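> All the letters of the sequence shown, read from the start, carry residue numbers 2 to 239 under our numbering. Just passing along the structure, written as structure tokens.
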Amino acid sequence: QAQDRSGLCMCCLAAGDTGPFSHALASLADSQYTSSDAFLHACGLLRKLLLNAADPAKRTLRRANPRVAAELLSVAGVEAALIQLGFRDHGDELTITDEAAADVHSAVATVDCAAGSVRRRALVLALRPSDPLGWSAELHDPAVLIFNPKFKGAVFDCTPRNGAPSGVIAFHNSPFSNFWPCGAGVTVSHRGMRLRFATSEALLMAFKQHLLAPSGGVPPHESLADALRTQATIRTAA
Numbered sequence: 002q003a004q005d006r007s008g009l010c011m012c013c014l015a016a017g018d019t020g021p022f023s024h025a026l027a028s029l030a031d032s033q034y035t036s037s038d039a040f041l042h043a044c045g046l047l048r049k050l051l052l053n054a055a056d057p058a059k060r061t062l063r064r065a066n067p068r069v070a071a072e073l074l075s076v077a078g079v080e081a082a083l084i085q086l087g088f089r090d091h092g093d094e095l096t097i098t099d100e101a102a103a104d105v106h107s108a109v110a111t112v113d114c115a116a117g118s119v120r121r122r123a124l125v126l127a128l129r130p131s132d133p134l135g136w137s138a139e140l141h142d143p144a145v146l147i148f149n150p151k152f153k154g155a156v157f158d159c160t161p162r163n164g165a166p167s168g169v170i171a172f173h174n175s176p177f178s179n180f181w182p183c184g185a186g187v188t189v190s191h192r193g194m195r196l197r198f199a200t201s202e203a204l205l206m207a208f209k210q211h212l213l214a215p216s217g218g219v220p221p222h223e224s225l226a227d228a229l230r231t232q233a234t235i236r237t238a239a
């Protein structure tokens, strides 16, 4: 799989708009990713700030704010990214423009793409299935479908797209289809709400609950949020 000197998946960088983070990504590569945690934390904080920009009262970042200074602006390349994402430097403050605030979801997708690229930098996709039926915990390159169009294992296409900035995983016969412990769990963000699931099964069950037994009298996104919260409390497989 093609990679650049930073070790990042080239399809992600080419297809996703990570331009604003080019300096940050280069700095990470130069440091051999010793500051990855700080960068990913900054991306998470920036994501929240961008989503809050829908409120005109929350469009200003004060340099004197301890969190802004220590967790955001201190990370190499992040301030340059802010300017390219639509913030304007007014000395003691950085303020997002009305135009950028109106297109905030594009900026969020750019942040997600850059963060996802860092998280996936050491990812190695399997080019050949170890189990022809797909019963393995491997993530496979989409190229396996060229040789076996009916392959039912987990296939990961890391190309960013609208609604899926970190790519798409499709599977049928895979441990992900039912119960899989997933190390520290599966973390999901839904409209700013972050939840952690103990197993992959819980995430699938949340969508099943939402689709088959939706909450009454609320918009679809609230019904999905209710299902996600319910399933996040379940710590064992069915």
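For glycine and all other residues, C-beta sits at the position ideal for the given N, C-alpha and C. Since the structure is predicted, the reported quantities are computational estimates derived from the model, not experimental observations.
Closest to V105 by C-alpha separation, out of M206, S23, R48, C44, would be which residue?
It is R48 whose Cα lies nearest to the Cα of V105.
> Whole angstroms is fine: what's the gap from R60's alpha carbon to L128's?
45 angstroms
> If distances are taken between C-alpha atoms only, which option among K153, P21, D56, R64 comes closest to C44?
P21
> Are there 16 or more other CB atoms within 10 angstroms of the CB of A65, so buried, or fewer, so exposed?
exposed
> Quick check: the stretch 67 to 79 against the stretch 107 to 122, are there 3 or more CB pairs under 8 angstroms?
The stretch 67 to 79 vs the stretch 107 to 122: no contact.
> Would you check if the distance between the CB atom of A123 and the CB atom of E139 is smaller than 9 angstroms?
Cβ distance not < 9 angstroms, so A123 and E139 don't count as in contact.
> Report the residue from G218, D158, E202 whose alpha carbon sits nearest the alpha carbon of T231.
E202
> If you count every other CB in all the chains shown that lies within 10 Å of the CB of M194, and 16 or more means buried, which is it?
exposed
> How big is the Cα-Cα spacing for F198 and D227?
14 angstroms
> Distance check for E94 and T160, CA to CA, integer angstroms please.
35 angstroms
> Can the beta-carbon of V219 be found less than 9 angstroms from the beta-carbon of L204?
no
> When you compare only the Cα positions, how much space is there between L62 and D132?
Roughly 51 angstroms between the two C-alpha positions.
> Pick helix, strand or coil for E94, following the three-state DSSP scheme.
strand
> Quick one: what does DSSP say D132 is sitting in, helix, strand or coil?
coil
> Measuring straight from C-alpha to C-alpha, what distance separates F157 and T200?
19 angstroms
> May I ask you to report which of helix, strand or coil DSSP gives L14?
Because the pLDDT of L14 is 44, which lies under 50, any placement of that residue in the model is unreliable, and the number read from its coordinates should be weighed accordingly. DSSP places L14 in helix when its eight states are reduced to three.
> Assign I235 to one of three DSSP states: helix, strand, or coil.
coil
> When burial is assigned at 16 or more other CB atoms within 10 Å of the CB, is P252 buried or exposed?
Lying before the first or after the last residue shown, residue 252 is absent from the chain, which here runs from 2 to 239.
> Nearest by alpha-carbon distance to P136: which of V125, H42, F152, P143 is it?
Pro is not the amino acid found at residue 136; the sequence shown has Trp there. Relative to W136, the option among V125, H42, F152, P143 whose CA is nearest is F152.
> For the beta strand (DSSP E) that S190 lies in, which residues bound it at each end?
187 to 191
> Going by beta carbon distance, what residues of the same chain come within less than 6 angstroms of P215, once the five residues before and after it are set aside?
S224
> Quick one: which unbroken beta strand (DSSP E) runs of 3-plus residues sit fully inside the stretch 16 to 67? Chain order, please.
61 to 63
> Under 6 angstroms Cβ to Cβ from L196, same chain only, skipping five residues before and after it: list those, please.
V189, L229, A233
> Please say whether A77 and L46 have beta carbons closer to each other than 9 angstroms?
no
> Along the chain, where does the alpha helix (DSSP H) that runs through V112 open and close?
105 to 120
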